[in-house]
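There are 2 protein chains.
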Amino acid sequence: MKAELIKESINLFVEKGFSATSIQDIVDKLGVTKGSFYYHFKSKEALLMHIHLSYIDDLLKRQKTILETEKEARGKLVKVVELLIHDIEKQGALGRVYYREIRHLTPENATTIREKRAEFRDRIESIITEGIENGEFRKNLEAKMITFAILGITNWSYQWFNPNGDLSVRELADMYTDFILHGIQSKES
Amino acid sequence: MKAELIKESINLFVEKGFSATSIQDIVDKLGVTKGSFYYHFKSKEALLMHIHLSYIDDLLKRQKTILETEKEARGKLVKVVELLIHDIEKQGALGRVYYREIRHLTPENATTIREKRAEFRDRIESIITEGIENGEFRKNLEAKMITFAILGITNWSYQWFNPNGDLSVRELADMYTDFILHGIQSKES
């Protein structure tokens, strides 16, 4: 039941927004009582925090594996971009809630999530810095700003990309890693 | 009074979200009555539509001027990216409402805005196509996907960029046009 509650909530949050969705709306979709909801989550905000935490913890875990596996900055960056883009297929609705509804978390919970997001971002920044220092990437880049540009490209794709359309996630990921690498690679590499 | 109503509403929508902000909240901020609100807007949604329309109509107008003034694809693209990034300084909060709250418009109004957004996007796509055809940009680019990538970079900057921080909008715009041009330029150009 917990998984169904999460799934239906995500769909409703995407469709109507977090504020406009009531616990009653969620349980009505599943034909269960509010008791079932409160058995799993103490509030609508607790559910939203659960969604945020599971999303970012999973990304951080998979990012860590990439950093431990790939040797070059270029390879690390490609895999992290692929990780984010491939997620659209499985996690599209979840991603939209994650990017849009953080302001409805309690201040403490929002801080926790922001710190984890910053960790994910800092690790990308470290990849860029590493690439600049070892000559894979151009010398005149600002690693922090390039990191935000990359996250802009990948995060925005959650808003418009339709994985059931003409283009596959694979093709999108290839196109975007190609664009990003051309944008930052040094001529020699 | 209309301008003040719009300004306070935008601040409240950014802070609390559209759904969680009441007309009462808006008029309380200004110390006026609900009558003042209804004199200018027939509903909270009508105000939201006003915000969306004025934002996109202004962007379309300025984009048109750029297209009529610049000769090369490269110059057109740089100016459009600058237009979007420079707007953060003046229009940051407005931009965040614009990107986030479109789902709270009526279906007809949302369609009107989506059509205008599509026009803005299509014009960028035409610049990319033009550049591919005349050899300024690489041959193997998909103009549509590159357009979304560029909009991802600029739109995302509304979420994180602080115009009062260490980096000026000018520097950010230069960095991003440089990154984008490296990403798409043909070697010869």
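For the record, the sequence lines run as chains A and B.
Per full-length UniProt numbering, the first sequence runs over residues 1 to 189.
Per full-length UniProt numbering, the second sequence runs over residues 1 to 189.
For glycine and all other residues, C-beta sits at the position ideal for the given N, C-alpha and C.
Under 7 Å (Cβ pairs) to chain B, residues found in the segment 131–160 of chain A:
Near chain B, meaning a CB-to-CB distance below 7 Å, the residues of the segment 131–160 of chain A are E142, M145, I146, F148, A149, L151, G152, I153, N155, W156, S157 and W160.
Taking all protein chains shown into account, do 16 or more other C-beta atoms lie within 10 angstroms of the C-beta of B/T154, making it buried, or fewer, making it exposed?
buried
Any beta carbon of chain B sitting closer than 8 Å to that of A/A20?
yes
Would you grab the beta carbon distance between A/R96 and A/Y158 for me? Rounded to a whole angstrom, and I think it's under 8 Å.
About 6 Å; that satisfies the 8 Å criterion.
Can you find a C-beta in chain A that's less than 8 Å from the C-beta of B/L172?
yes
Which runs of the alpha helix (DSSP H) spanning at least 4 residues fall entirely within the segment 103–138 of chain A, listed in chain order?
107–133
Between the segment 95–129 of chain A and chain B, which residues of the former have CB atoms less than 8 Å from a CB of the latter, in chain order?
Under the 8 Å Cβ criterion, the segment 95–129 of chain A contributes R100, R103 and H104.
Quick check: what's the CA-CA separation for A/I6 versus A/L47?
Cα to Cα, A/I6 sits roughly 7 Å from A/L47.
Throw me the rounded Cβ distance for the B/A149 and B/I85 pair, which I believe falls under 8 Å.
The pair is not a contact, with the Cβ atoms about 15 Å apart (cut-off 8 Å).
B/K76 burial status per 10 Å Cβ neighbour count (16 or more: buried)
Under this definition B/K76 is a buried residue.
Contact set between B/I180 and chain A, taken where Cβ atoms lie within less than 8 Å
Ordered by position in chain A, the residues that pass the 8 Å Cβ test against B/I180 are G183.
To which residues does DSSP link B/Q185 through a beta bridge?
B/F137
Going straight from the alpha carbon of B/K79 to that of A/G31, what length do you get?
54 Å
Own chain partners of A/N134 with C-beta closer than 7 Å, once the 5 adjacent residues on each side are dropped:
A73
Buried versus exposed call for A/D87 [16 or more other C-beta atoms within 10 Å across all chains shown]
buried
Local conformation of B/N155 per DSSP, three classes
helix
Let's see if you can read the secondary structure: which residues bound the alpha helix (DSSP H) around B/L89?
Rather than Leu, the amino acid found at residue 89 of chain B in this sequence is Glu. Unbroken alpha helix (DSSP H) run through B/E89: A73 to R100.
Between the Cα of B/R100 and the Cα atoms of B/K16, B/Q185 and B/I180, which residue gives the shortest distance?
Measuring from the Cα of B/R100, the nearest candidate turns out to be B/K16.
How would you list, in chain order, the residues of chain A whose beta-carbon sits under 7 Å from the beta-carbon of B/G176?
The sequence shown places Tyr at residue 176 of chain B, not Gly. Chain A residues near B/Y176: A149.
Please state whether the Cβ-Cβ distance between A/E89 and A/V169 is less than 8 Å.
It is a contact, given that the beta carbons lie within the stated cut-off.
How many angstroms separate the CA atom of A/L67 from the CA atom of B/L60?
42 Å
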